[in-house]
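Here full-length UniProt numbering is used: the first residue of the sequence shown is 1, the next is one more, and so on. Written below as structure tokens is the structure these notes are about.
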Amino acid sequence: MNYQLDGKFISKVGKDGNGELEFNYPWGITIDEFNGDVYICDESNNRIQILSENLHYKSQFGKDILTKPLDIKLNRDNIFILDESNPCLHIFNRHLVLQKNIISRGKGQQVISPWFFFLDNSDNILISDYGSNSIHIFNSKYECIQAISIPNPRGITVDDKDRIIVVSKASKNCLQIF
1 MNYQLDGKFI SKVGKDGNGE LEFNYPWGIT IDEFNGDVYI CDESNNRIQI LSENLHYKSQ
61 FGKDILTKPL DIKLNRDNIF ILDESNPCLH IFNRHLVLQK NIISRGKGQQ VISPWFFFLD
121 NSDNILISDY GSNSIHIFNS KYECIQAISI PNPRGITVDD KDRIIVVSKA SKNCLQIF
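Here it is as structure tokens:
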């Protein structure tokens with residue numbers, strides 16, 4: 001769906017299913033600032049669909065790797081996909097080739113059920129993990145450098161003053177700032 005800033009409906013694409021421009025629980029979405037492509041996490045189809053800036057189907061990837069993609073972000077070099085059921089943060093290059101997986105269970109980071117993540121301008125990664133009731137912060141080398149305890153975190157962002165802002169379901173459905 002497209003809307004103007006005044007809320008006027010412009011168009012929509014997609015329907016239920018598993019083919020091109022068909023989705024089964026579309027979840028995370030991001031836009032490539034370099035070419036306007038739209039990347040959509042097609043959660044129950046275990047893939048990412050890529051649409052042109054005009055919302056025409058371009059391609060898809062991840063079908064053999066992803067099991068429940070929830071959130072997606074891009075930087076100049078990579079595509080980051082948070083996969084909830086593994087859990088895992090997959091890092092693909094811009095040619096859609098898997099480069100690295102971080103936060104897999106059993107590797108010491110204690111990420112249990114990630115929900116959303118934020119990629120800042122320095123390529124630090126902040127992951128909200130409702131399973132461990134915390135926010136995990138990874139540096140640009142993908143090393144876990146800090147965990148902040150917060151009950152049932154959901155959405156996460158960082159503002160222009162480098163404050164971490166988290167929506168928490170368990171803390172009386174509030175917004176918390178760190």
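Glycine residues also receive a C-beta, built at the ideal position from the N, C-alpha and C atoms. Since we're looking at a predicted model, the values are computed, not measured.
Identity of the residues DSSP links to residue i by a beta bridge
i, result
"HIS136", "ILE127 and ALA147"
"VAL166", "ILE156 and GLN176"
"HIS90", "ILE81 and ASN101"
"ILE31", "VAL38"
"LYS63", "For LYS63, which the question treats as bridged, DSSP gives no partner whatsoever."
"LEU74", "ILE79"
"LEU51", "VAL38 and TYR57"
Distance CB(residue i)-CB(residue j) smaller than 8 Å
i, j, result
"SER128", "ILE137", "no"
"ILE125", "LEU96", "no"
"TRP27", "LEU66", "no"
"LEU55", "VAL111", "no"
"ILE103", "PRO87", "yes"
"PRO114", "GLU143", "no"
"ILE40", "GLY62", "no"
For residue i, the three-state DSSP class (helix, strand or coil)
i, result
"SER44", "helix"
"ASN121", "coil"
"GLY19", "coil"
"TYR57", "strand"
"LYS161", "coil"
"ILE10", "strand"
"GLN110", "coil"
"LYS68", "coil"
"LYS141", "coil"
"LEU5", "coil"
Cβ-Cβ separation, residue j to residue i (assumed contact under 8 Å), whole Å
i, j, result
"ASN75", "ASP123", "6 Å"
"ASN152", "LYS141", "Contact doesn't hold; Cβ gap of about 29 Å is too wide."
"PHE118", "THR157", "5 Å"
"residue 201", "GLU20", "Missing from the structure shown is residue 201; the chain here goes from 1 to 178 and no further."
Cβ-heavy atom distance, residue i to the ligand MG, below 7 Å
i, result
"TYR130", "Judged by which ligands are present, the structure shown has none, so any question about the ligand MG falls away."
Legend entry - Segment contact, 8 Å Cβ cut-off, at least three pairs: the segment 43-59 with the segment 15-30: yes
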